[in-house]
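Below is one structure, written out as structure tokens, with a few remarks after it.
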Amino acid sequence: MTNPFPESNLGPPSPLIADSDLKLTQQEQFQMKAIYKKLDRRIIPCLWFLYFLAAAARSTVGLALTMNTNAKHSLSQNLGLSTHQTSIGLAIFYIGYIIFEVPSNLLMLKMKPQVYISRIQCSIGIISACHAALNGAWSFYFLRALLGFAEAGVWPSMTYYLTIWYPPKMIAHRIGYYFTAAQLSAAVVGLVSAGFQEMDGALGIVGYKWMFLIYGIIIFVNGVSLLWWLPDRPMYQKSGSKSTFLDRYIPSMPVLTPEEEVLHARVTGPRSRHWNLDELWRITIDIRVWPIVVMYIGVVGVGIGIQSYGTLIIQAINPKFSSIDLSLLFAPIWIADAIGILVITPLSDRYRNRLLFFCGPCVIIITGLLITTYAHISSARYAGLLIVGFGLGPTVPICMTWAAEIFSVHYGGLGVAAAVALVTGPGNLGSVITTYALYSGWKADIAREYKGSNLVCVGLIVASISAACSEWLLVRNRKNKPSKV
Numbered sequence: 001m002t003n004p005f006p007e008s009n010l011g012p013p014s015p016l017i018a019d020s021d022l023k024l025t026q027q028e029q030f031q032m033k034a035i036y037k038k039l040d041r042r043i044i045p046c047l048w049f050l051y052f053l054a055a056a057a058r059s060t061v062g063l064a065l066t067m068n069t070n071a072k073h074s075l076s077q078n079l080g081l082s083t084h085q086t087s088i089g090l091a092i093f094y095i096g097y098i099i100f101e102v103p104s105n106l107l108m109l110k111m112k113p114q115v116y117i118s119r120i121q122c123s124i125g126i127i128s129a130c131h132a133a134l135n136g137a138w139s140f141y142f143l144r145a146l147l148g149f150a151e152a153g154v155w156p157s158m159t160y161y162l163t164i165w166y167p168p169k170m171i172a173h174r175i176g177y178y179f180t181a182a183q184l185s186a187a188v189v190g191l192v193s194a195g196f197q198e199m200d201g202a203l204g205i206v207g208y209k210w211m212f213l214i215y216g217i218i219i220f221v222n223g224v225s226l227l228w229w230l231p232d233r234p235m236y237q238k239s240g241s242k243s244t245f246l247d248r249y250i251p252s253m254p255v256l257t258p259e260e261e262v263l264h265a266r267v268t269g270p271r272s273r274h275w276n277l278d279e280l281w282r283i284t285i286d287i288r289v290w291p292i293v294v295m296y297i298g299v300v301g302v303g304i305g306i307q308s309y310g311t312l313i314i315q316a317i318n319p320k321f322s323s324i325d326l327s328l329l330f331a332p333i334w335i336a337d338a339i340g341i342l343v344i345t346p347l348s349d350r351y352r353n354r355l356l357f358f359c360g361p362c363v364i365i366i367t368g369l370l371i372t373t374y375a376h377i378s379s380a381r382y383a384g385l386l387i388v389g390f391g392l393g394p395t396v397p398i399c400m401t402w403a404a405e406i407f408s409v410h411y412g413g414l415g416v417a418a419a420v421a422l423v424t425g426p427g428n429l430g431s432v433i434t435t436y437a438l439y440s441g442w443k444a445d446i447a448r449e450y451k452g453s454n455l456v457c458v459g460l461i462v463a464s465i466s467a468a469c470s471e472w473l474l475v476r477n478r479k480n481k482p483s484k485v
């Protein structure tokens, strides 16, 4: 197919352009709204289902630790894992995340996005299914590390993919829409795990192994479907691209007509997919990226801690709960999380105030953690977890949007790809802290019903608030000019 947007007509790479900065006629404004709705119908459900399943792959391990404990068929009982070994296995997953987030996202600049994201999802499905064959601590460590390497890039790649189609100022609530998939996934996986526990022993297979096998197959099939479902870049961003095997035999259905792409090109602006190490280094040493990393460390660390050890925290609140009770009580935390996303992220986009709509939910998280820690009534302590879930919801989408907004202005597509990967890579150090050093990883804290771990999480959120204020001051004082370090 001939490219209707030859490179010579594009001019030099430029930042993403918000439609409010262009002189569009009333008819063109109406057309752009229709284009965005069309993109939403095609892209957001695809990303939602993709992330729902990717998040399920992470949630299953935490649930498997407490499944069928009365029959001594839980993951930890079957493998003979100590609490320390469990913490190592949960934490080692994030090593791959930290190392490969940036390289993985930069590869998307060179490859078809639907192909690369499909590769990630298929890998997750295969490795998740292999968890059914675990037979000891070292196989647990190995597969957890392998899953981390495979899944690296899935979250920042989706943020970068959105900026291919939308101006950064418009993506916070869209990130929020598909981020609800992670929360609902945790809820659904928690509920469905009750069913897998009823399958315990069927065909001689314990319940958690059924869970790993079935989710792994579904995730793999979804990965293959992305080759058709997820649209390729707009034609005007494919300058110089050559026809490939996939174009002939596995074509991605275009989402926009040629006429719509012409108007879309005016609004989003051209951008370069080329990069070099010097440009990457400039982004890495830009001082504005690191406060967002600290913001991410705090909120993601707490979120992953609750996701990994939520059933153990609930069990500490009331040791009389059965394993099925724990699964059912785990789910509402993530429903509250999804509600927080749907309520707050649209307000963040509408008022374009990232600081307020990040710090406000952080205060809610702190409130919930303190209630969970110090309340004397079991129901109140559980309600504190629901409050934590609501507050956590919008924080990650706002982190990603703020990074995309700041770094797209002067660094274009590379800025978005590198910045969001830098945020989510080192930012997952918070996940390592909470999965390895807190909760069951902190032996002395088990007898205290995890009060010390909860207070460390409060400290992480305070650090996130401080970093957000620092980021606001940096952007305000520099007026979003490139940082000179």
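Just so we're aligned, residue 1 is where the sequence shown starts under full-length UniProt numbering, counting upward by one. Even for Gly, the Cβ is constructed at its ideal location relative to N, Cα and C.
Buried or exposed for residue i, going by 16 or more other Cβ atoms inside 10 Å?
i    : result
N105 : buried
G240 : Here G240 scores only 45 on pLDDT, less than 50, and its place in the model should not be relied on; the value that follows carries that caveat. It is exposed - the Cβ of G240 has fewer than 16 other Cβ atoms within 10 Å.
I465 : buried
V420 : buried
P103 : exposed
S379 : exposed
E471 : buried
W228 : exposed
K112 : buried
P319 : exposed
Y177 : buried
E261 : buried
E101 : buried
N135 : exposed
R58  : buried
A202 : exposed
G195 : exposed
Hey, out of the options, whose CA is closest to residue i's CA?
i           : options                   : result
Y36         : A172, H264 and G125       : H264
A55         : I120, D325 and L203       : I120
residue 548 : S157, L107, Y160 and K209 : This structure leaves residue 548 out entirely; the chain is present only between 1 and 485.
A181        : S323, E261, L143 and C46  : C46
T268        : S453, K169 and F220       : K169
M400        : S225, T86, F49 and I292   : I292
I287        : A133, N477 and K23        : N477
S123        : N428, I387, V224 and V456 : V224
V300        : Y178, G427, R266 and G136 : G427
P231        : I217, L386, I218 and T257 : T257
S308        : A383, V221, G89 and R42   : G89
residue 486 : I317, L39, G310 and M158  : Because residue 486 is not part of the residues shown, which for the chain are 1 to 485, the question remains open.
H173        : R354, L226, A34 and V192  : R354
L429        : S193, G204 and Y296       : Y296
P234        : L39, I217, K451 and T434  : L39
Taking residue i as part of the alpha helix (DSSP H), name the residues at either end of that continuous run.
i    : result
F149 : A137 to E151
W442 : Counting along the chain, W442 falls outside any alpha helix (DSSP H), and DSSP gives it neither H nor E.
S74  : Per DSSP, S74 belongs to no alpha helix (DSSP H) and is neither H nor E.
F30  : Q26 to A64
N477 : K451 to R478
P258 : P258 to T268
R119 : P113 to C130
L355 : R354 to Y374
Y215 : G207 to W229
D278 : L277 to T284
F179 : A172 to E198
A316 : V289 to I317
T159 : V154 to W165
L329 : S323 to Y351
T83  : T83 to K110
Return the Cβ separation of residue i and residue j in integer angstroms, given the expectation that the two are a contact with Cβ distance under 8 angstroms.
i           : j    : result
V423        : V289 : 7 angstroms
residue 486 : I283 : Missing from the structure shown is residue 486; the chain here goes from 1 to 485 and no further.
W334        : A152 : Not a contact, Cβ separation roughly 23 angstroms.
I98         : G425 : 5 angstroms
G190        : Q197 : Actually they are not in contact, since the Cβ atoms of G190 and Q197 sit about 11 angstroms apart, beyond 8 angstroms.
K443        : T83  : 7 angstroms
L81         : A137 : 6 angstroms
Y141        : M108 : About 29 angstroms separates the two Cβ atoms, so there is no contact after all.
L385        : I313 : 7 angstroms
Taking 8 angstroms as the cut-off, does the stretch 450-466 touch the stretch 359-377 (at least 3 CB pairs, one atom from each stretch)? yes
Touching or not, the stretch 428-440 and the stretch 394-411, by the rule of three or more beta carbon pairs under 8 angstroms? No, the stretch 428-440 is not in contact with the stretch 394-411.
Can you confirm whether the stretch 322-333 touches the stretch 60-79 when touching is taken to mean that 3 or more C-beta pairs between the two stretches lie within less than 8 angstroms? yes
Is there contact here, the stretch 314-326 with the stretch 65-72, by at least three beta-carbon pairs under 8 angstroms? yes
Would the stretch 142-154 count as touching the stretch 402-416 if we require 3 or more Cβ pairs under 8 angstroms? no
Do the stretch 207-224 and the stretch 25-32 make contact, defined as three or more Cβ pairs closer than 8 angstroms? no
Segment contact, 8 angstroms Cβ cut-off, at least three pairs: the stretch 333-349 with the stretch 379-393: yes
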